[in-house]
Every structure is written in C-alpha cells, then in structure tokens.
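Have a look at the structure below, then the notes.
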Amino acid sequence: MKKNMGSLDRTVRIVVAIVLIVLYANGIVAGVWGIVSLVLAGVFILTSLVSTCPLYLPFGIRTNQVKKRVS
C-alpha cells in the first residue's frame, strides 16, 4: 500500500487514540461506547504506524507530501 498520511495526520490520530484510551481507563467512557472507543483507538494507532488510511484511498485523499524526482 502506498503511504497517504502525513506526519501531522499521524500525530493527531495518535493523540486522539491516547485520549480515548485514557477516557476508557478512567471509567469516563464505559459500556458499548467504551468498547467502540477502544476499537477506534486501535484503528487510529494501526493506521498511524503504517502511514496508510484505507478510507482515504477511494476518495484520493493524501495528506503527505509527494516528493517529485528530479532527473
């Protein structure tokens, strides 16, 4: 897969994932919403680590800078 996430996008996703995990750990978000927030946090962390968001692909969204080769 081609990388389509920039560093700012990845950083924001990791911060949001950490916030969701902390909210769940402190009992602020519980039950079904707690499980949903943990799954969402996991997806955010995974997509940040691989620098690819599958939802960006069909829409052609790229938040990273494409470097052009100079020949």
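Under our numbering, the first residue of the sequence shown is numbered 180, with each subsequent residue one higher. Ideal Cβ positions, reconstructed from N, Cα and C, are used throughout, including at glycine. Since the model is a prediction, treat every value here as computed from it, not as a measurement.
Return the CA-CA distance between residue i and residue j, expressed in angstroms with no decimal places.
i, j, result
"Asn205", "Lys246", "43 Å"
"Gln244", "Arg189", "13 Å"
Ignore the nearest five residues each way along the sequence and tell me which others in residue i's own chain have a CB closer than 6 Å to its CB.
i, result
"Leu202", "Val208"
"Ala196", "Ala220, Phe223, Ile224"
"Met253", "Nothing can be reported for residue 253, as the shown portion of the chain is limited to 180 through 250."
"Thr255", "One cannot answer for residue 255 here, as it falls past the ends of the chain, which runs 180 to 250."
"Tyr235", "Asn183"
If you run the structure through DSSP and keep just helix, strand and coil, what is residue i?
i, result
"Ile200", "helix"
"Thr190", "helix"
"Val245", "coil"
Taking the alpha helix (DSSP H) that residue i falls in, what are its first and last residues?
i, result
"Val215", "210-229"
Apart from the five residues on each side of it in sequence, which residues of its chain come closer than 7 Å, Cβ to Cβ, to residue i?
i, result
"Arg264", "Residue 264 lies beyond the stretch modelled for the chain, which goes from 180 to 250, so this question has no answer here."
"Pro233", "none"
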